[in-house]
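> Following this message is one structure expressed as structure tokens.
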Amino acid sequence: MIIEERPEKNQGASWWSDRSKKLLADQKNSWPLLKENYQNLENVIEREFEFDGFTVRVQSNQARIISSSADVRAEAIRSRKCFLCRENFPLEQNGLSYNKQVFILANPYPIFPEHLTISKSKHIPQTIIGNFAEFLEISRILGKHYTVFYNGPKCGSSAPDHMHFQAGTKNLIPVEFEFDKMVQRLSRAVVSNGKIEARFFEDHLRYFITLESRNKGELLFAFKTFINSFKKISVPHDEPLLNIISSYQEDIWRVIIFPRGKHRPDQYSLEGSKQLLISPAAVDMGGLFITPRKEDFEKITKDDIVNIYKQVTVTKEYFEYLRKKIGEIFI
Ligand SMILES: [Zn+2]
Numbered sequence: 271m272i273i274e275e276r277p278e279k280n281q282g283a284s285w286w287s288d289r290s291k292k293l294l295a296d297q298k299n300s301w302p303l304l305k306e307n308y309q310n311l312e313n314v315i316e317r318e319f320e321f322d323g324f325t326v327r328v329q330s331n332q333a334r335i336i337s338s339s340a341d342v343r344a345e346a347i348r349s350r351k352c353f354l355c356r357e358n359f360p361l362e363q364n365g366l367s368y369n370k371q372v373f374i375l376a377n378p379y380p381i382f383p384e385h386l387t388i389s390k391s392k393h394i395p396q397t398i399i400g401n402f403a404e405f406l407e408i409s410r411i412l413g414k415h416y417t418v419f420y421n422g423p424k425c426g427s428s429a430p431d432h433m434h435f436q437a438g439t440k441n442l443i444p445v446e447f448e449f450d451k452m453v454q455r456l457s458r459a460v461v462s463n464g465k466i467e468a469r470f471f472e473d474h475l476r477y478f479i480t481l482e483s484r485n486k487g488e489l490l491f492a493f494k495t496f497i498n499s500f501k502k503i504s505v506p507h508d509e510p511l512l513n514i515i516s517s518y519q520e521d522i523w524r525v526i527i528f529p530r531g532k533h534r535p536d537q538y539s540l541e542g543s544k545q546l547l548i549s550p551a552a553v554d555m556g557g558l559f560i561t562p563r564k565e566d567f568e569k570i571t572k573d574d575i576v577n578i579y580k581q582v583t584v585t586k587e588y589f590e591y592l593r594k595k596i597g598e599i600f601i
């Protein structure tokens with residue numbers, strides 16, 4: 271059932287965030303699968319690995335096996351019923367309709383104590399190109415309680431045929447709660463024109479770029495510059511591989527972009543004891559590794575984390591190119 275509620279004129283900017291929180295609470299009571307998966311999440315265990323000035327956490331989460339091992343090849347996608355299309359929703363699933371074009375839904379396979387899927391009402395392919403403005407808008411309206419993230423169609427999304435974002439409890443991804451600490455260690459300072467700030471992280475095992483601004487137009491322009499530059503050095507016709515995490519606080523967006531070299535590390539397809547079923551997406555790039563198999567959770571080492579990041583991040587040459595192109599905005 272899609273709930274057609276919207277804020278009254280005098281209701282504040284946090285209405286959608288509060289209302290989504292209530293949706294999730296209601297769904298935990300009315301949808302047995304959801305209730306069970308959230309109860310299991312309460313007993314989830316995590317390990318923490320200390321690096322030089324930042325941490326990476328590993329979460330043991332068996333419910334995520336469906337997502338992590340999803341067969342995202344075109345023929346497999348075509349032959350399954352799309353779980354983000356309204357006609358295929360489980361009977362118990364309710365959603366909020368935002369602008370008639372987007373549904374806010376409870377995610378039944380949570381990583382966070384509160385985990386939402388934000389899905390287009392129409393079945394259209396996953397892409398950030400043309401959808402970044404909506405991504406910013408969703409991260410603003412949900413910003414009070416949630417951080418919003420995006421996984422590219424070939425980079426962690428388990429429904430590459432149906433446009434969607436996800437949102438999770440704010441400040442639970444290491445890159446969010448350690449942001450200030452990580453910024454202090456940056457070897458090169460921020461670039462800024464007074465309206466937008468860009469930072470380039472290169473000393474944290476994986477490369478990433480952050481854009482911060484209270485001005486949506488500035489963010490759109492910077493992102494366009496980034497994506498057009500990244501396209502030039504990526505496989506033609508495909509969206510460049512990337513994940514994005516965005517949060518909104520005190521009227522300011524913070525967008526964290528992870529340009530990627532590849533989706534799954536070699537360990538994913540090794541056999542026997544050498545295999546690690548880890549399929550990195552936005553959350554993993556943000557410093558929270560999800561391991562759906564207990565054996566992987568137990569055996570993963572610090573060296574594995576270093577090695578996996580090294581395989582799936584972009585090369586230093588590509589990162590320098592992106593830095594140069596984005597930097598040109600500020601000249
Ligand atoms: Zn669909």
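Residue numbers for the sequence shown, in my numbering: 271 to 601. The beta carbon of each residue, even a glycine, is placed where N, CA and C say it ideally should be. Quick caveat: nothing in here was measured; it's all calculated off a predicted structure.
(1) Please report the distance separating the alpha-carbon of residue 439 from that of residue 541.
(2) Go ahead and pull the three-state DSSP assignment for residue 311.
(3) Where does residue 606 land, buried or exposed, given buried means 16+ other C-beta within 10 angstroms?
(4) Are residue 361 and residue 393 close, meaning C-beta to C-beta below 9 Å?
(5) Apart from the five residues just before and just after residue 564, which ones in its own chain have a Cβ nearer than 8 Å to its Cβ?
(6) Who are the near neighbours of residue 504 in its chain, counting only those whose CB is closer than 6 Å to its CB and skipping five residues on each side?
(7) What is the DSSP secondary structure of residue 441, counted as helix, strand or coil?
(8) Shortest alpha-carbon distance to residue 371 belongs to which of 441, 432, 522, 344?
(9) I need the straight-line Cα distance from residue 314 to residue 464, nearest angstrom please.
(10) Check whether the stretch 577-584 touches the stretch 525-538, taking contact to mean three or more Cβ pairs, one atom from each stretch, closer than 8 Å.
(11) Identify, in the order they occur along the chain, each residue of the same chain with its Cβ nearer than 7 Å to the Cβ of residue 254, setting aside the five sequence neighbours on each side.
(12) Could you have a look at residue 576 and say whether DSSP puts it in helix, strand or coil?
(13) According to DSSP, what are the bridge partners of residue 461?
(14) Kindly identify the DSSP beta-bridge partner or partners of residue 515.
(15) In this structure, does DSSP put residue 436 in helix, strand or coil?
(16) Could you check the C-alpha separation between residue 478 and residue 469 for me, to the nearest Å?
(17) Please check the pair residue 384 and residue 415, which I expect to be a contact at CB under 8 Å, by giving their CB distance rounded to whole angstroms.
(18) Excluding five sequence neighbours on each side, which residues of the same chain lie with their C-beta closer than 6 Å to the C-beta of residue 496?
(19) Spatial neighbours of residue 319 within its chain, please: C-beta separation below 8 Å, excluding the five flanking residues on both sides.
(20) Which parts of the stretch 537-568 are runs of the alpha helix (DSSP H), unbroken and 4 residues or longer, counting only runs that do not cross its ends?
(21) Could you compute how far the alpha carbon of residue 301 sits from the alpha carbon of residue 312?
(22) Give me the DSSP bridge partner(s) of residue 326.
Let me lay it out:
(1) If I take the Cα positions, the gap works out to 35 Å.
(2) If DSSP states are grouped into helix, strand and coil, residue 311 belongs with the helices.
(3) The displayed coordinates of the chain run from 271 to 601. Any statement about residue 606 would go beyond what the structure contains.
(4) No; because the gap between Cβ atoms is not below 9 Å, this pair is not in contact.
(5) For residue 564, where only same-chain residues beyond five positions count, the Cβ hits under 8 Å are 330, 332.
(6) If the five residues before and after residue 504 are omitted, its C-beta is found closer than 6 Å to the C-beta atoms of 510, all from its own chain and listed in chain order.
(7) Residue 441 falls in the coil class under three-state DSSP.
(8) Answer by Cα proximity: 432.
(9) Rounded to the nearest whole angstrom, the CA to CA distance from residue 314 to residue 464 is 43 Å.
(10) These segments touch.
(11) Summary: the structure shown does not reach residue 254, with the chain confined to residues 271 through 601, and so no result is reported for it.
(12) In the displayed model, residue 576 falls within a helix according to three-state DSSP.
(13) Bridge partners of residue 461: 468.
(14) Looking at the DSSP assignment, residue 515 forms a beta bridge with 419, 526.
(15) Note: residue 436 maps to strand in three-state DSSP.
(16) Each residue's alpha carbon lies about 8 Å from the other.
(17) Contact flag correct, Cβ pair sits at about 7 Å.
(18) In the same chain as residue 496, and ignoring 5 residues on each side of it, the C-beta atoms closer than 6 Å to its own belong to 596, in chain order.
(19) Excluding positions up to five away in sequence, the list reads 325, 326, 327, 328, 572, 575.
(20) Runs found: 552-555.
(21) Residue 301 and residue 312 have their alpha carbons spaced roughly 17 Å apart.
(22) For residue 326, which the question treats as bridged, DSSP gives the partners 319.
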